[in-house]
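Residue numbers (my numbering), protein chains in the order written: chain A, 1 to 107; chain B, 1001 to 1332; chain C, 2001 to 2275; chain D, 3001 to 3585.
Positions of the beta carbon are idealized from the N, C-alpha and C atoms, including for glycine.
Taking it in order: structure first as C-alpha cells, then the write-up.
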Amino acid sequence: MSHHEMSVEDVKKHVRTYIAVFVALLVFTGITVGVSMLGQNQGWTVTTAVLIALFVASIKGSLVACYFMHLISEKSMLFGILALCAFFFLVLLLIPVITVSDNVGVH
Amino acid sequence: MNLLLASTHYGAWTPPLYSQHGGSIDKLIDVVHVFMFVIFIPWAIFFVYCLMNFRARPGHKATYTPIKAKVSKYAEVGVAIFEAFLLLGMSMPVWADYKNNPPAPDQRLEMRVVAEQFQWNFHYSGPDGKFGATRSSLISASNPIGLAEDDPASKDDIVRVNECHLPVDKPIYLRLTSKDVIHSFDIPTMRVKQDVIPGMEIPIWFTIDKNATTDSIRPQMKTVVPMDKAEWYKVRHLVAAVDHKVKDEVVLAKGADLGADLTKGKELLEQLRKKGLTELTLEPRNPLEIVCAQLCGNSHFKMKAQVMTHTAEDFAKWLTESSKKPEMQTDF
Amino acid sequence: MSTTVIPHDLEPHPLTGMYNGKFGIWLFLASEIMLFGALFSTYVLLRVGAPPGQWPAHGSEILNVPLATLNTAVLISSSVTMVMSWAALKMKKFGSAQVWLTITFLCAGAFLVVKYFEYTDKFHHYQVWLNDPMPVGGHEVTTIKGHLTADSPKLECSEKTGAFNIPEYVIITPDGDHGSSGHGEAVRVEGSKIKRISNFGPRHSPYLATYFTMTGLHGLHIVGGMVVILYFMLVGGAIWKRSPEKYTNRIECTGLYWHFVDLVWIFLFPVLYLL
Amino acid sequence: MSGHHDHSHGHHDHGHDLPFWRKYIFSVDHKMIGCQYTVTALLFLFFGFTLMMIMRWQLAYPGQAIPFIGQYLSKDIAADGVLVGDGYNAFGAMHGTIMVFLAIVPLAVGGFGNYVLPLQVGAPDMAFPKLNMMSYWVYFCGGVTMLTSFFIKGGAAASGWTSYPPLSVFASSGQTVWLLGMVLLITSSLLGSVNFIVTTVQMRAKGLSFFRLPFFVWAQLVTSFLLLLAFPPLEAAGVLQLMDRLAGTSFFMPSGLVFSSEPQTHMSGGGSPLLWQHLFWFLAHPEVYVLILPAMGIVSEVIATNTRKPLWGYKSLVYSVIFLGFMSFIVWAHHMFMTGMGTTLSTFFQATTMVISVPSVIVLTCLILSLYGASIRYNTPMLFALAFLPMFAIGGLTGLPLGLTASDIHLHDTYYVIGHFHYVVAPGTIFAMFAGIYYWFPKVTGRKMSEFLGKLHFWPSFVFINVVFMPMFFQGMAGLLRRQYDQTEQLHGSIAHGLTKMSSYGAWLLALAQLPFIINFFYSMFKGRKVDANPWESTTLEWAAPSPPPHGNFDKTPVVYCGPYEYSVPGKSKDYCPQHVAMEA
C-alpha cells in the first residue's frame, strides 16, 4: 500500500505501531546495556560480546528501518538498490580482514 | 628505438637481468605482449577494413540487420581462456614462488634494510650471524638505525648507507622496514620490487646470477657512443672504458666520468669534441642500482643505493674486513 | 520559482512507488551507509590490529555509559516524535505536527548538550606517559592520569602532526582509584621525564580517535538535521498553505534522514561504549 | 501529463525575463548548468595540461630554467626559473587531481550528463533543479579551494594524487587544503549522482522503457551509482586524514615512526598506512570507470548516428556496463600488489581483474561490429569517436601485464603504468569528450562547428598524443619510475632520456594542436553555420527539441515509440526513425 493515499484510520493504526516500536527500542537499549555489564562481570570473550551487541543493535536498526522509515511497505526497486549498497558495505567491512590476514609482512 | 633508448647495452625492452627468478617474470611479460599483438593486429585490420569498405558514398546504403558474428563470441571466449591461462599458468605460480618459499635460514644471507627519507640503510649481522638490538631513541645522523652499542651482538654488525654489498649465487633474504614514510625497494635489473611500509617488516628474497659480479657486468655494458650523440643527460652515469687518445695525448683517462653536473659535463664534451675525438667508449660507473619506486618526498628521485655484487670469497673477505671497523659510514 | 513542472515531484512513480524527493533521499542514505561503513571498517581494523593493552577492554573504562544510555533514549524519542509529526500531517493536523516537530528539535538539542558535557570532560582530562617509573601516592607508576592545575604551562601542538609537544613541566592532580578527580595531591613532572602527554581528546589513542571522529561526524549529522527541522518549524506554515501535500512529503523526507541518524547511533552506542 | 505540459508552456516566456544572474550564474536550468560545468571543466583541463607541459620541460631538460614562464613562478615552485623538487611534486599531484576530479569527471558527468541526459529521457529538467545548481557551485568552490593551495605557504599538495600517508600527513598545509577541496568535490558528485539516478528512473518520457534508453543514458546511470556508492569511503578517508593532520590522531600513522632522526613519540601511533590505500582505491578504481563509461556512452551515440545503422548488440552493451560497474568495486586491491600482499588475496584480485576485462572487450567488440555493413560519415565527431576505439584498446590491453602480479613486479610504478592509464583517459576519454563537444554543439548553440578546423584539430592531436604516450611503454619496460623530478639521476632513467625528450616534444606540439579547437569553439559560437534542430539526422530525443532548447526543453512533451537507434530501417523513406515519431506501418 502506498502512503500516497492513506486514510486517517490507516494513519491511526500506524501511530499505534510507532508507539509499540518506541517502547521496544527503549527495552532493547536497556537489554544492550544490561547484557554488556553482565558480560563485563562474567568476563566474556570479545567475540561473544561483539556478537550479542551487534545482534541487539541489528534488531533495533531493523525496527527503525522497517517501521519508522516504512521500509516494510516499499517496492522492490528500492530493495534492489539497498541490497547493492549492503553488498558493497560488506565488501568495505572486509578491508580490515584483507589488510591483516594475507600479508607477508609482520606488524 | 636503440638510438632513443639505449646509450649502453641496457636492452631496448626489459633491462638486462641478473637474478635467477627474473626469467619467469620476463617470460610472462613477453607472452602477454605477444598475446596483445595477436589480439590487436587482427582487430586493427578489421577496423581499417570497415573504415575503408563501409564509408558513406553515393549508392552505398547501410544495412539494418546486424551481422551474425560468431567470430566475436569465439574471440571473446578465446580471450577469456587465454587470460585464465596467463593467470593460472604463469602469474600465480611465479607469485607464489616469489612469496611463499623463503630460502632456509642456514643457507641464506639475511640482512635488514631500513629505508628513510632519502636513503637506504643496510644492516648486516656480521660474522656472528646475530643482529644487534636497535632502539629508536638512539637514532641520530651518525647512527641511522639506532644500533645499541651495549648489545654484544652488535659489536661485529655492519651498517652501510646507500651502499649494498651482496654475494652472487647465494639466496639473499632482506627484511624491509621504513622509519618514516612508504618507500619502495626496487632493483630493476633483478626484477625485485617491494613497498617498504612503516610499522611493518616485509621480507623478500632473491638469488643473484652466478656470473653477475659488478666487475664482470660493467665491461659487458660497454658501448661506443658517437661524439655527436653524446648528450650529458644520457652519459652522466658512464665512465671511460679505455684511455681516449688524440695523437697519443690522453684526453679522457680510463675510469674518468664525463662531468659531475650539467655545466661541467657540457664543457667537457665540448672540449673533447674540439680536440677531435669522434667517439667515446663508455661503461656504467655503477651498473646495479637500488632505487625508490614510491613517491617519498621532494628528494625521492635521489633516493638510490649502489649494489656491489661479489663472488662468495670476495664477499666473505669484505664482510670480515668491514666488521673489524664497526664505526658507521656517514658520508651521505 | 522554477518555471517548469517536474514529473513525479508529488505523485509516486509506478515503478519505484516513490515521488522524486523520497527516492532521492533514499539514494542519499545509501551513500551515507557507505560513508559510515568506511568508518566502521576503520574501527574494526584499528581494534583488531591494536597491540594488547592499547585498546580499553570495555568502553566504560574511559567513557560515561549512563550518560550515553540517556542520550540513546533521547534520540529514540526524537525519532518517534518525528514520525508522529508526519502522521499528524497525514491526518491534516498541522498544529500538532508542528508541536511534534518542535519536540524533535528539542530532543536533538538535548542530545547535543549531553554530548557537549561528555566531550569537555574528556578534553580536560590528561594522561602523562613517563620515561621511567616514578613514585606517585606511594606507588611506582609509568603513567599518570588526572587534571592539570592552573599553574601548568599551556600545551602547544606540533605543527607537523597536531600532537602535543612536551612542555617544560606539568603539575597534575592524579585521579582516584575509580577515575574520579580530586583525589591525591598534585604532582610536578619535569619535561625531561615525560615521554608523551595528551588529554583524552582524539590524539590520545586510536580508540578515542575513532570515538571522536565517529561521534563527531554523527553530531554534525544531528546539527544538519536540526537546521532542516528548524527551517520547517519557521516556514512550514507557508509551505503548508501553498501545498499541504508538498509539506507532508518534505517532512517525510526529513524524517527518513532523521531516522537514519538515529539508526547510526543505535550501532555507534554499543560499538563505542559497550565493547 | 498533458496538463503539466500546458502549464509549463505557459511559463516559457518568463524564462527570458529572468535577470542575468538568475539566467547565467545561479541558473537552475540543467542546460545552463551543463554549460557552466563544461566551460569550467575545459578551463581546468587546460590548466592541468599547462602544469604537465611545465613538468615535461623539467623532465626533458632537468635543472634548466623553464623558458617564458619560469621567472614568474613562486619560490616554493621554482628557484631562478628552475622547477624545484617540491614544485615538481606539487605540479604532479595537482595535475592528477585536477585532471581526474576537476576536469574529466565534471566534463563527462557534470557537463554532458547534465545537458544531454534530461533531453535524452524526454524530461523538462533534472529532478531537483536547485540541487543541481548547488552541485555545480559546490564543485566550483572545491575547484577554487584546490587552486588557492598554490598560493599558501609551502605550496600545493605534493604527495601525489593518491596522497599516501604517512607522507601526506607529514606534508605542508597544502595537503589540508587538498583534503578540504576533495570533501567539497565529493559532496558535489554525490548530490549530482542522486539527481541523475532519480531523473533517469522517474522522469523517462512515456514509452521510454529502460531498454529503449540511449546507451549514453545507461552509461551515465551506472556511473552515477559508482559515484554514489564508491565516493563516500574516500570522503570518510579524507575526514580521517584531516583528523590526522589537524587533531593529532594516528589513523594512518603506525607506532614507532622516526621522522628526520626525531622519534615521533608524542603521537599515539597504532594506525595503518594501508588503510588509506584500501579506502582510496575503493573509490579510485570505480573512478576509472566513472571516467571511461560516459566516454563509451558518447562514442556509442556518435557511432550509431554516423554509421546510419543500429548499434550492434545493444543489450550486451547494457549488460556489459552494468557488470563493469559492479565488478569495479571488487578489483581495487590490484593497485596494491606491491604492499606485501600474499598469494590468496593477490589471486583473488588478479582473477577479478581478468574478469573485468571481459565486458570491456565486449563493449569494444560491439562498437567495432557496428561498423560492419555501415555507411560511415567521416565528420569531426565521428573521427574522434573512431580514434577512441584503437586508443582505448591499447589502453585496455596494456592493463593486462599490470593486472597480473608477476609482471606487475617489474612494471609497477613505472612509466608503463602512466602510459597505460593515459591511453585510457587521454586519447580515450578526452577524445570522446571532443567527439561529444563537436556532436552536441549544434544542439547547444544552433550552429555547427567548422569541419575544416575540426579536422585540423583532430589529425595533429591524434598523431601527437601517440608521440606523447607511446614512448612511455618502452620507458616503463626499461624500468623508468614515475614521479621522478630528475629521471637522469638514475642509470636507467639516464639511458631512457631520449624517449623522455620525444614525449615532451609531443606534449608541446599537442598543445599547439588544440589551437584550432579553441578558435573553432568561439568562432562557431557566433559565426558558425546555422542548422536546424536535427542536423545529424539522429534518432534520440535530444534532437526532437529545438536548438537551443528553451527552458522546459520540449515544445510538446515527447512520447516514445521505438528503440534508440532505428537507422536505415528497410522500407522507410528516410534512413532514420526518431524515437518520438510513431513509425508508420
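**Study point:** Proximity test, Cβ basis, 8 Å: residue 3271 (chain D) and chain C
**Key:** yes
Review point. Which residues in chain B sit within 7 Å of residue 106 (chain A), going by Cβ to Cβ distance?
Key: 1200, 1201
Point to revise | Rounded C-alpha distance that separates residue 2117 (chain C) from residue 2064 (chain C) | key: 10 Å
Review point. So the alpha helix (DSSP H) residue 1013 (chain B) belongs to, where does it begin and stop?
Key: Counting along the chain, residue 1013 (chain B) falls outside any alpha helix (DSSP H), and DSSP gives it neither H nor E.
Practice item. With DSSP as the reference, label residue 2259 (chain C) as helix, strand or coil. Key: helix
Exercise for review: Would you please state the rounded distance, in angstroms, between the beta carbons of residue 3186 (chain D) and residue 3235 (chain D)? I believe it to be under 8 Å.
Suggested key: 5 Å
Point to revise | Start and end residues, alpha helix (DSSP H) containing residue 2153 (chain C) | key: Per DSSP, residue 2153 (chain C) belongs to no alpha helix (DSSP H) and is neither H nor E.
Point to revise | Whether residue 1191 (chain B) touches residue 1011 (chain B) by CB criterion (8 Å) | key: no
Check your understanding: Expressed to the nearest angstrom, what Euclidean distance is found between the alpha-carbon atoms of residue 2049 (chain C) and residue 3270 (chain D)?
Key -> 8 Å
Check your understanding: Do residue 2062 (chain C) and residue 2200 (chain C) come within 8 Å of each other at the CB atom, strictly closer than that value?
Key -> yes
**Study point:** For residue 3392 (chain D) and residue 3426 (chain D), believed in contact at Cβ under 8 Å, the rounded distance
**Key:** Wrong, their Cβ atoms sit about 11 Å apart, outside the cutoff.
Exercise for review: Taking 8 Å as the threshold, find out whether the stretch 1290-1310 of chain B comes into contact with the stretch 1178-1190 of chain B through three or more Cβ pairs.
Suggested key: yes
Practice item. Using a Cβ-Cβ cut-off of less than 9 Å, list which residues of the stretch 12-23 of chain A approach chain C; keep chain order. Key: 12, 14, 15, 18, 19, 21, 22
Review point. Using a C-beta cutoff of 8 Å, does residue 1184 (chain B) count as contacting chain D?
Key: yes
Review point. So with Cβ pairs under 8 Å, would you call residue 3027 (chain D) a contact of chain C?
Key: no
**Study point:** Residue burial classification, residue 3007 (chain D) (beta-carbon count within 10 angstroms, cutoff 16)
**Key:** Here residue 3007 (chain D) scores only 41 on pLDDT, less than 50, and its place in the model should not be relied on; the value that follows carries that caveat. Its Cβ having fewer than 16 others within 10 Å, residue 3007 (chain D) is exposed.
Point to revise | Where the alpha helix (DSSP H) containing residue 1183 (chain B) begins and where it ends | key: Run containing residue 1183 (chain B): none in the alpha helix (DSSP H); it sits in the beta strand (DSSP E), 1183-1187.
Review point. With burial defined as no fewer than 16 other Cβ atoms inside 10 Å of the residue's Cβ, what is the status of residue 3013 (chain D): buried or exposed?
Key: With a pLDDT of 43 at residue 3013 (chain D), under the threshold of 50, the modelled position of that residue is not reliable, and the figure given next carries that caveat. Exposed, because fewer than 16 other Cβ atoms sit within 10 Å of the Cβ of residue 3013 (chain D).
Review point. Should the stretch 3477-3493 of chain D be regarded as contacting the stretch 3440-3459 of chain D, the criterion being three or more beta carbon pairs within less than 8 Å?
Key: no
Practice item. Please determine if the stretch 1209-1229 of chain B and the stretch 1144-1155 of chain B are in contact, where contact requires at least 3 C-beta pairs separated by less than 8 Å. Key: no
**Study point:** Burial state of residue 3228 (chain D), where buried means 16 or more other Cβ atoms lie within 10 Å
**Key:** buried
Point to revise | Partners in chain D for residue 2205 (chain C), counting only beta-carbon separations shorter than 8 Å | key: 3268, 3270
Review point. Does residue 83 (chain A) come within less than 8 Å of chain C when only Cβ atoms are used?
Key: no
Point to revise | C-beta neighbour in chain C for residue 2 (chain A), strict 8 Å | key: Here residue 2 (chain A) scores only 46 on pLDDT, less than 50, and its place in the model should not be relied on; the value that follows carries that caveat. Residue 2 (chain A) counts as touching chain C.
Check your understanding: Quick one: Cα of residue 109 (chain A) to Cα of residue 3343 (chain D), how far?
Key -> Chain A is shown from 1 up to 107; residue 109 (chain A) falls before or after that span and cannot be answered.
Review point. If we ignore side chains and look at the alpha-carbon of each, how far apart do residue 3566 (chain D) and residue 3310 (chain D) end up?
Key: 6 Å
Exercise for review: Could you say which of D:3366, D:3139, D:3177, D:3201 lies nearest to residue 3191 (chain D) if we only look at CA atoms?
Suggested key: D:3139
Review point. Can you give the Cα-Cα distance for residue 77 (chain A) and residue 1079 (chain B), rounded to whole angstroms?
Key: 35 Å
Exercise for review: State the DSSP-derived secondary structure class of residue 1162 (chain B), mapped to helix, strand or coil.
Suggested key: coil
Review point. If you measure from the beta carbon of residue 1197 (chain B) to each beta carbon in chain A, is any gap under 8 Å?
Key: yes
Practice item. Go ahead and pull the three-state DSSP assignment for residue 95 (chain A). Key: helix
Practice item. For residue 2172 (chain C), write down the residues that DSSP places opposite it in a beta bridge. Key: C:2148, C:2187
Point to revise | Cβ contact check for the stretch 3413-3431 of chain D and the stretch 3382-3392 of chain D: 3 or more pairs under 8 Å | key: yes
Point to revise | residue 3243 (chain D), DSSP secondary structure in three states | key: helix
**Study point:** At least 3 beta-carbon pairs within less than 8 Å: the stretch 1064-1075 of chain B vs the stretch 3436-3446 of chain D
**Key:** no
Check your understanding: Is residue 1195 (chain B) buried or exposed, if buried means 16 or more other CB atoms sit within 10 Å of its CB?
Key -> buried
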